[in-house]
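*Asks:* Read top to bottom, the protein sequences are chains A and B.
Note that the numbering used here has the first sequence beginning at 480, numbered continuously upward.
Note that the numbering used here has the second sequence beginning at 480, numbered continuously upward.
2 protein chains.
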Amino acid sequence: MSSTAQRRPGAHRPTLEEVAVLAGVGRGTVSRVVNGSPRVSDRTRAVVEQAVAELGYVPNRAARTLVTSRADAIALVVPETETRLFSEPYFADIISGVCAELADSELQLLLVLVRDQRERDRLSAYLRAQRVDGVLLVAVHRDDPLPGTLEELRIPVVLAGRRADHEPLSYVAADNLGGARAAVRHLLAGGRERIATITGPLDMEVAEARLAGYRAALAEAGRAGSDDLVGLADFTEQGGRAAMRELLDRVPDLDAVFCASDVLAAGALQVLRAAGRRVPEDVALVGFDDSIVARHTDPPLTSVRQPTAELGRTMVRLLLDEIAEPGGPRHQLVLGTELVVRDSG
Amino acid sequence: MSSTAQRRPGAHRPTLEEVAVLAGVGRGTVSRVVNGSPRVSDRTRAVVEQAVAELGYVPNRAARTLVTSRADAIALVVPETETRLFSEPYFADIISGVCAELADSELQLLLVLVRDQRERDRLSAYLRAQRVDGVLLVAVHRDDPLPGTLEELRIPVVLAGRRADHEPLSYVAADNLGGARAAVRHLLAGGRERIATITGPLDMEVAEARLAGYRAALAEAGRAGSDDLVGLADFTEQGGRAAMRELLDRVPDLDAVFCASDVLAAGALQVLRAAGRRVPEDVALVGFDDSIVARHTDPPLTSVRQPTAELGRTMVRLLLDEIAEPGGPRHQLVLGTELVVRDSG
DNA sequence: CGGTCAAGTGGAACCGCTCCCAAGGGCGGT
DNA sequence: ACCGCCCTTGGGAGCGGTTCCACTTGACCG
Numbered sequence: 480m481s482s483t484a485q486r487r488p489g490a491h492r493p494t495l496e497e498v499a500v501l502a503g504v505g506r507g508t509v510s511r512v513v514n515g516s517p518r519v520s521d522r523t524r525a526v527v528e529q530a531v532a533e534l535g536y537v538p539n540r541a542a543r544t545l546v547t548s549r550a551d552a553i554a555l556v557v558p559e560t561e562t563r564l565f566s567e568p569y570f571a572d573i574i575s576g577v578c579a580e581l582a583d584s585e586l587q588l589l590l591v592l593v594r595d596q597r598e599r600d601r602l603s604a605y606l607r608a609q610r611v612d613g614v615l616l617v618a619v620h621r622d623d624p625l626p627g628t629l630e631e632l633r634i635p636v637v638l639a640g641r642r643a644d645h646e647p648l649s650y651v652a653a654d655n656l657g658g659a660r661a662a663v664r665h666l667l668a669g670g671r672e673r674i675a676t677i678t679g680p681l682d683m684e685v686a687e688a689r690l691a692g693y694r695a696a697l698a699e700a701g702r703a704g705s706d707d708l709v710g711l712a713d714f715t716e717q718g719g720r721a722a723m724r725e726l727l728d729r730v731p732d733l734d735a736v737f738c739a740s741d742v743l744a745a746g747a748l749q750v751l752r753a754a755g756r757r758v759p760e761d762v763a764l765v766g767f768d769d770s771i772v773a774r775h776t777d778p779p780l781t782s783v784r785q786p787t788a789e790l791g792r793t794m795v796r797l798l799l800d801e802i803a804e805p806g807g808p809r810h811q812l813v814l815g816t817e818l819v820v821r822d823s824g
Numbered sequence: 480m481s482s483t484a485q486r487r488p489g490a491h492r493p494t495l496e497e498v499a500v501l502a503g504v505g506r507g508t509v510s511r512v513v514n515g516s517p518r519v520s521d522r523t524r525a526v527v528e529q530a531v532a533e534l535g536y537v538p539n540r541a542a543r544t545l546v547t548s549r550a551d552a553i554a555l556v557v558p559e560t561e562t563r564l565f566s567e568p569y570f571a572d573i574i575s576g577v578c579a580e581l582a583d584s585e586l587q588l589l590l591v592l593v594r595d596q597r598e599r600d601r602l603s604a605y606l607r608a609q610r611v612d613g614v615l616l617v618a619v620h621r622d623d624p625l626p627g628t629l630e631e632l633r634i635p636v637v638l639a640g641r642r643a644d645h646e647p648l649s650y651v652a653a654d655n656l657g658g659a660r661a662a663v664r665h666l667l668a669g670g671r672e673r674i675a676t677i678t679g680p681l682d683m684e685v686a687e688a689r690l691a692g693y694r695a696a697l698a699e700a701g702r703a704g705s706d707d708l709v710g711l712a713d714f715t716e717q718g719g720r721a722a723m724r725e726l727l728d729r730v731p732d733l734d735a736v737f738c739a740s741d742v743l744a745a746g747a748l749q750v751l752r753a754a755g756r757r758v759p760e761d762v763a764l765v766g767f768d769d770s771i772v773a774r775h776t777d778p779p780l781t782s783v784r785q786p787t788a789e790l791g792r793t794m795v796r797l798l799l800d801e802i803a804e805p806g807g808p809r810h811q812l813v814l815g816t817e818l819v820v821r822d823s824g
């Protein structure tokens, strides 16, 4: 039973021990070389590296994790209620940014959708089983219990967006208020008089902030925004339609609508058209997110773009910091937004 | 230097051993209870379960993985070149389906974007490090080396779509040929005479199959599809525009275009409009994917819907099969598609 | 009533790695 | 020539599970 070439690819994976034997050194030495410790002579290092290459050795992560209790992985957690996110560049860009930033580390990315209490529990179990070093949390609602749980478990977290003005955890957010204000200023500059808004669900700080931006722009122009001009919706197209209908009922003479998302705007647009209003002649329309729909509606939507990939990258950077220095200071960043003017207003 | 640091609440996770002590049984017994082995008396089981609950015990996955060499995780691998996927419901639905199916297992989902050779190598290393039990592969091009690598490593794989007609690996695909044929039949039924097509990159079987469906429909109607009527593009909007321009040059009297994707169709639509053609009066337009753009163009696009979430679910099911029975038979499934008629043709 | 056997249980061995400690060797200083 | 020190190195002791084997026990059988 000679230990011959288990050379069949895929069958046997060489262990550190085998590398040590081949290189004629001890296990500790191989470990040091593999992990780039400086306490190894150049000659030995070369020999070991040769052996590693020859055997195609790759360290077994489970074994390493077991002893270091680092998982070398982070999780991106998304409430499934937000699956809509997936169909927008927002999410794609976040992922893209996250992966880009992760590429230089040895970390892996776990994707976790949480759709109900059961899955929430499952997630807790994961975390408790020490499967990840940190968590990226997207689209948190104000009363989401998850951030609290994570904090209790002492697991580093970074949020995309914040739960409220005053957010204790680390987060990276887009300047929603500023973006919304810019959008409404643009409408004002275009001479619009009766500017309405359709908001997202106000238990999300994003929606709240965009509404605040709308109000701020009106206020600085010396106009009191009447509540009649505010239509409430969730972030769906259907919600946009319903809200637009109500607004038209309540304020038939409105001449502009700032929508808290492009999808909302798309819904609103349908209703406006059905009501015989021309966009932008009769009613100007501005969205938010600069998502793919914005470019394809007729007319294309003026919208607010967020630096989403950058947001993903930054989140990872912050998370790595927190992982490296647990209990360190929290980091909170707000990234700028940009108005993209198209034909809708 | 006393080993303090570990007493922070939330820091220390109870081990199997501690549960055993509390329950007054051996480690093996606890393990059996935790893993649902039948070889435990009801009384003992109850005692152990009590102890588990009391301590909030959750098995350490790394330790388990180390000895069982099951990773309890699968990877979803996406070539980054296909990030466009992310902005379409296609991908969102795949993920959603995958997660839904995974929810009942103990498996986790790793998301891996591969954007260049370096990351491809990194992926190989992951796989070799036994971090996953299987791989879901999306958007494979014909000459993609990844499937081959995986096969060599003896890692179970299921593809979304296939590389060619004759695909050795397991896959789940939509009936692209059938869908395309249905789309073109619909155009024929509408009385269209000069039906063109804009294809995706022909090194992908999806694109090829959709083109084949187009040809099949023409053939069965007794019309030889001239090559003049075929415009080549990648799956981008820009590609759609370019291809549409060429087609108009070559075949000014075309009265319908079947596009291999909605995004292509959206591009084509812009060019048609710019050229003064009315859709659908002068030129009928049909897309594929029933993506979010399809509903928002003006007019909304007739398109072919694929059962994408189902596709994700099925992929997982097949993969679990392969994992359970390595070296077992390959499974290959084709799921039906459905024509969604809107105003564009 | 001894013998057979299945069920239930405890515990050792081991998975592959990191970490630490002790030991070997080289070298400058005295 | 000897001592002390630093640089390298080998290898033991776990990390927290699973698995297998051996042992105890009580039931059942002839």
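All C-beta atoms in this analysis are idealised placements derived from N, C-alpha and C, irrespective of residue type, glycine included.
Predicted, not measured: the structure shown is a model, and the values here were computed from it.
1. Give me the subset of the region 598-632 of chain A whose CB atoms are less than 8 Å from a CB atom of chain B, sorted by chain position.
2. Residue 657/B and residue 692/B: beta carbons closer than 8 Å?
3. So, at 6 Å on beta carbons, what are the nonlocal neighbours of residue 630/B in its own chain, with the 5 sequence-adjacent residues on each side left out?
4. Quick check: the Cα distance between residue 796/B and residue 606/B, rounded to an integer number of angstroms?
5. Can you look up residue 536/B in the DSSP assignment and give me helix, strand or coil?
6. May I ask you to list, following chain order, the residues of the region 501-519 of chain B that have a beta carbon less than 7 Å from some beta carbon of chain A?
7. Applying the criterion that 16 or more other CB atoms from any shown protein chain within 10 Å of the CB defines a buried residue, is residue 635/B buried or exposed?
8. Assuming residue 668/A is part of the alpha helix (DSSP H), what are its boundary residues?
9. Is residue 843/B close to chain A, meaning its C-beta is less than 8 Å from at least one C-beta of that chain?
10. Do residue 675/A and residue 711/A come within 8 Å of each other at the CB atom, strictly closer than that value?
11. Please classify residue 661/B: is it buried, with 16 or more other beta-carbons within 10 angstroms of its beta-carbon, or exposed?
12. In the DSSP assignment, what are the bridge partners of residue 587/A?
13. Just checking residue 726/A against the ligand GTP - is the residue's beta carbon closer than 7 Å to any of the ligand's heavy atoms?
14. Just checking my contact of residue 584/A with residue 812/A at CB under 8 Å: how many whole Å lie between their CB atoms?
15. Going by C-alpha to C-alpha distance, which of 623/A, 739/A, 648/A and 733/A sits closest to residue 659/A?
16. Pull up the distance between the alpha-carbon of residue 689/A and that of residue 640/A, whole angstroms please.
17. Establish whether the CB of residue 542/B and some CB of chain A are separated by less than 8 Å.
18. Taking the CB atoms as reference points, tell me whether residue 642/B and residue 623/B lie closer together than 8 Å.
19. To the nearest whole angstrom, what separates the beta carbons of residue 673/B and residue 734/B, a pair I think is in contact under 8 Å?
20. What separation, rounded to the nearest whole angstrom, lies between the Cα atoms of residue 722/A and residue 737/A?
21. Between which two residues does the alpha helix (DSSP H) containing residue 520/B stretch?
22. By the DSSP assignment, the alpha helix (DSSP H) with residue 598/B in it spans what residues?
23. Just verifying my parser: in three-state terms, what is the DSSP assignment at residue 784/A?
24. So what's residue 434/B in DSSP terms, helix, strand or just coil?
25. Residue 647/A: which of 638/A, 655/A and 653/A sits nearest, CA to CA?
26. Note the first and the last residue of the continuous alpha helix (DSSP H) segment covering residue 692/A.
27. What does residue 545/B touch in chain A if you count any residue whose Cβ is under 7 Å from its own?
28. Across the region 765-779 of chain A and the region 772-785 of chain B, are there enough close Cβ pairs to call them in contact, namely three or more that are closer than 8 Å?
29. Could you give the DSSP three-state label for residue 613/A: helix, strand or coil?
30. Taking the DSSP output, what are the residues bridged to residue 450/B?
31. For residue 815/A and residue 654/A, which I take to be in contact (beta-carbon distance under 8 Å), what is that distance rounded to the nearest angstrom?
32. Using a Cβ cut-off of 7 Å, pull out every chain A residue sitting near residue 781/B, in sequence order please.
33. Determine contact between the region 515-523 of chain B and the region 577-596 of chain B, defined as no fewer than three beta-carbon pairs at a distance below 8 Å.
34. Against chain A, does residue 732/B count as a neighbour if the rule is that its beta carbon must be under 8 Å from one of theirs?
35. Listed from N- to C-terminal order along the chain, which residues in the region 764-781 of chain B have their beta-carbon within a distance smaller than 7 Å of any beta-carbon of chain A?
36. Can you say whether residue 609/B is buried or exposed, counting buried as having 16 or more other CB atoms within 10 angstroms of its CB?
*Replies:* In terms of the structure at hand:
1. 598, 601, 604, 605, 607, 608, 609, 610, 631 and 632
2. yes
3. none
4. 20 Å
5. It is coil, neither helix nor strand.
6. none
7. buried
8. Taken as a continuous stretch (DSSP letters only), the alpha helix (DSSP H) holding residue 668/A covers 655-668.
9. Because chain B in this structure spans residues 480 to 824, residue 843/B falls outside the shown range and cannot be described.
10. no
11. buried
12. 552/A
13. Here there are no bound small molecules, and the ligand GTP is not part of this structure.
14. The Cβ separation is near 19 Å, so there is no contact.
15. 739/A
16. 12 Å
17. yes
18. yes
19. 5 Å
20. 12 Å
21. Here residue 520/B belongs to no alpha helix (DSSP H), and DSSP marks it neither H nor E.
22. Run containing residue 598/B: 596-607, per the alpha helix (DSSP H) assignment.
23. strand
24. Nothing can be reported for residue 434/B: it is not among the residues displayed for chain B, which extend from 480 to 824.
25. Ranked by Cα distance from residue 647/A, the options 638/A, 655/A and 653/A are led by 638/A.
26. 684-699
27. 541, 542 and 545
28. The region 772-785 of chain B and the region 765-779 of chain A touch, with three or more beta-carbon pairs separated by less than 8 Å.
29. Three-state result, residue 613/A: strand.
30. In this structure chain B extends from 480 to 824, so residue 450/B is not present and cannot be described.
31. 5 Å
32. Ordered by position in chain A, no residue passes the 7 Å Cβ test against residue 781/B, which lies about 15 Å from the chain.
33. no
34. For residue 732/B, the answer is no, since every Cβ of chain A falls outside 8 Å of its Cβ.
35. 771, 772, 775, 776 and 777
36. buried
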